[in-house]
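The structure appears below as C-alpha cells.
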DNA sequence: AAGTGGTCTAGACCACGTC
DNA sequence: ACGTGGTCTAGACCACTTT
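Protein chains in written order, with this note's numbering: chain U, 164 to 394; chain F, 164 to 394.
The following block contains the structure:
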C-alpha cells in the first residue's frame with residue numbers, strides 16, 4: 164500500500180481547515196513551503212499552488228523573506244459577473260426584449276464631456292428600455308465615443324441592444340463601476356412604470372480602451388431588482 | 164546572445180494583445196499548449212500558467228480535449244472587497260465611530276427564522292449605527308446564531324462593532340450577498356438622519372459555517388453612498 | 001547576508017470530454 | 001479511443017525584503 168497522491172486542492176482544504184479551526188490564527192506565521200512540502204510529502208510547487216490560491220482568496224498574506232501569515236482581516240472578495248442584460252433576463256426564465264427610445268449624436272452635458280475629454284467629437288447618445296416579459300426591467304442611458312467605435316453608427320441597435328453590441332464589438336482594457344441607489348425621477352418613473360421617488364438600483368459604468376473612453380453608461384433597474392452573488 | 168527568458172506574465176500580455184487586436188476573435192480556437200510552448204520557446208507549464216490566468220479573468224474558455232477558445236461573451240468579473248466598515252470609513256479619511264442601538268436575544272420574525280432553521284435557539288439581535296465623522300454612515304441590523312458563536316454573548320460590542328468582532332472571531336465557509344435599493348422607512352430615515360422614502364443602498368448578507376447559519380445582516384447605507392470597483 | 005516566496009524547466013501521468 | 005488541458009515532481013535560479 165502507498166499514501167494517496169497529494170493534490171493542491173487537498174492541501175488547500177487542509178490549510179483552510181487549520182485556519183477555520185483556529186489551529187492557525189489571524190496573524191500567525193505558518194510553516195514555509197519547504198517545511199509543508201516535507202510534512203505532506205509532496206513537491207514544493209504543489210504547496211505553492213495551494214498557498215497562492217489561498218492568498219488570492221484573501222486568507223493568507225505572503226511576502227518573500229517575511230513568510231506566510233494568516234490574514235489579519237480576511238477580506239472576502241465578492242465577484243460579480245457583469246454579463247449581458249439579455250442573458251441576465253433569460254436566466255430568470257423570462258422573455259427578453261428591448262426598445263430603443265432615442266438615438267442621436269449630440270453635445271454631452273458638462274460632466275460627461277469632462278469624462279470623455281475635450282478632444283472627442285460629439286458622442287452617440289442612446290437610451291434603451293430593456294424588458295423582461297412585458298415588464299420594464301432596466302433603463303439604460305449610454306454615451307458612446309464614436310471616435311473609438313465609429314462602426315456603431317452603422318449598427319442596427321434594434322436587433323442587438325447597444326449593451327450587447329458593444330460587448331462583442333468594442334473591447335476595452337479597463338473599466339470602473341459604481342453601484343448606488345437613487346430616487347426615480349419623473350421621467351425614469353414613467354419609463355420604468357413605477358412611482359416618482361421609488362428606490363432605483365443604479366449602476367454607473369465607464370470603460371476605457373487604453374486611455375480613450377469607449378462608453379459611459381447608467382443603468383437604472385426597476386424597483387425590486389437585486390444583484391446577488393456568493394462569496 | 165540569447166533570447167530573453169519567457170515569463171508567464173509576458174505570455175499573458177501577448178495573448179491578451181492578440182485578443183484585443185482581433186488576431187484571435189471571440190469563438191476562435193487558439194493553438195494548444197504544446198504548440199504555444201514551441202512558438203515561444205518555453206515550457207508547457209509556463210503556457211498553462213498564462214492561459215489559466217486568462218481563463219480565470221474570463222477571456223478564455225478552456226476545456227479538456229476541446230481546447231482553448233476566446234470567450235464568446237467576455238464576462239467581466241467585478242470583484243468587490245468586503246471589508247470591515249471601520250476600515251472602509253477610515254480609507255475615506257474620516258473618523259469612524261459606532262453606537263450600539265439595541266442588543267438582546269429575541270425570537271426572530273418568520274423570514275429570519277426560516278433561514279436560521281427551526282432547531283436554532285433564539286438568536287442575538289444587534290442593531291448598530293456606524294458613523295463617519297459626525298454623520299450617520301450605515302445602519303446595521305444583525306441576527307447572530309448563538310448556537311454557533313456562543314462567545315458573542317460575552318463580547319463587549321461597544322469597543323469593537325459586531326461587524327468587526329464576527330470577522331475576527333467567527334470564520335465562515337460560505338456566504339451570500341444581495342445588493343438592492345430601498346426607500347427609507349420612517350425609523351431608518353430617523354436613524355440615518357434623512358427623509359422618509361430617501362433611496363437607500365442595501366446589502367443583505369447571510370453567512371454559513373458548513374451548514375449552520377452564522378449571521379444574517381442587513382446594511383442600510385445613508386443616501387449618497389456608492390460602492391465602486393475597477394474591472 | 002540570508003531566507004523565503006516566485007517562477008521556469010523537462011518530463012510524466014492523469015482526468016475529462018469529445019469523437 | 002484519443003487528444004487536450006490539469007496537475008505533480010525534482011531541481012534550479014531568481015527577486016524581494018527583512019535582518
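Yeah, the Cβ is synthetic: ideal placement off N, Cα and C, and Gly gets one too.
Any idea what DSSP makes of residue 165(U), helix, strand or coil? Residue confidence is low: residue 165(U) scores 45 on pLDDT, short of 50, so the model does not pin down where it sits. No coordinate-derived value is stated.
Check the DSSP bridge columns for residue 280(F) and list the partner residues they point to. Residue 280(F) is not bridged to any residue.
Contacts around residue 192(U), its chain only, beta-carbon distance under 6 Å, and the 5 residues preceding and following it disregarded: 230, 232
Apart from the five residues on each side of it in sequence, which residues of its chain come closer than 7 Å, Cβ to Cβ, to residue 369(U)? 278, 338, 339, 376, 379
Taking only runs of the beta strand (DSSP E) that begin and end inside the stretch 296-379 of chain U, which ones reach a length of at least 3 residues, in chain order? 298-307, 337-346, 362-372
Ordered along the chain, which non-local residues of its own chain (more than five positions away) have a Cβ less than 6 Å from that of residue 224(F)? 232, 234
DSSP three-state assignment for residue 217(U), whether helix, strand or coil: helix
Looking at the C-beta of residue 277(U), does it have a partner C-beta in chain F at a distance below 9 Å? no
So with CB distances below 7 Å, who are the chain F contacts of residue 151(U)? Not covered by the structure: residue 151(U). The range shown for chain U is 164 to 394.
Does residue 106(U) come within less than 9 Å of chain F when only Cβ atoms are used? Chain U is shown from 164 up to 394; residue 106(U) falls before or after that span and cannot be answered.
Proximal residues, the stretch 356-382 of chain U versus chain F, C-beta separation under 9 Å: 360, 361, 362, 363, 364, 365, 367, 368, 370, 372
Between residue 266(F) and residue 320(F), is the Cβ-Cβ spacing less than 9 Å? yes
Between residue 388(U) and residue 364(U), what straight-line distance do the alpha-carbon atoms span, to the nearest angstrom? 7 Å
State yes or no: is the C-beta of residue 345(U) within less than 9 Å of the C-beta of residue 386(U)? no
Whole-angstrom distance between residue 275(F) and residue 317(U), CA atom to CA atom: 53 Å
Residue 302(U) and residue 383(U) - do their beta-carbons sit closer together than 9 Å? yes
Give the secondary structure of residue 289(F) by DSSP, where H, G and I count as helix, E and B as strand, and everything else as coil. strand
Under the assumption that residue 252(U) contacts residue 217(U) (Cβ atoms under 8 Å), give the Cβ distance between them as a whole number of angstroms. Incorrect: roughly 36 Å between the Cβ atoms, too far for contact.
Taking only beta-carbon atoms, is residue 334(U) less than 9 Å away from chain F? yes
For chain U, is any of its Cβ atoms less than 9 Å away from the one on residue 165(F)? Interpretation of residue 165(F) is limited by its pLDDT of 44, a score under 50 that renders its predicted location unreliable; the figure taken from the coordinates is listed afterwards. Answer no: the Cβ-Cβ gap between residue 165(F) and chain U never drops below 9 Å.
Can you have a look at residue 170(F) and say buried or exposed, based on whether 16 or more other CB atoms are within 10 angstroms of its CB? exposed
For residue 310(F), I'd like the list of residues in its chain whose CB is within less than 7 Å of its CB, leaving aside the five on either flank, ordered along the chain. 283, 284
Mind checking which residues open and close the alpha helix (DSSP H) that includes residue 176(F)? 171-183
What is the DSSP secondary structure of residue 394(F), reduced to helix, strand or coil? coil
My assumption, with CB atoms under 8 Å, is that residue 291(F) sits in contact with residue 263(F). Please give the rounded CB distance. 6 Å
For chain U, is any of its Cβ atoms less than 9 Å away from the one on residue 393(F)? yes
Excluding sequence positions up to five away, which residues of its chain have a Cβ less than 7 Å from the Cβ of residue 182(U)? 222, 233
Classify residue 208(U): buried if its beta carbon has 16 or more other beta carbons within 10 angstroms, exposed otherwise. exposed
Member of 185(F), 239(F), 176(F), 188(F) whose CA lies at the smallest distance from the CA of residue 210(F): 176(F)
When you check each C-beta in the stretch 342-357 of chain U against every C-beta of chain F, which residues fall closer than 9 Å? 342, 343, 344, 345, 346, 347
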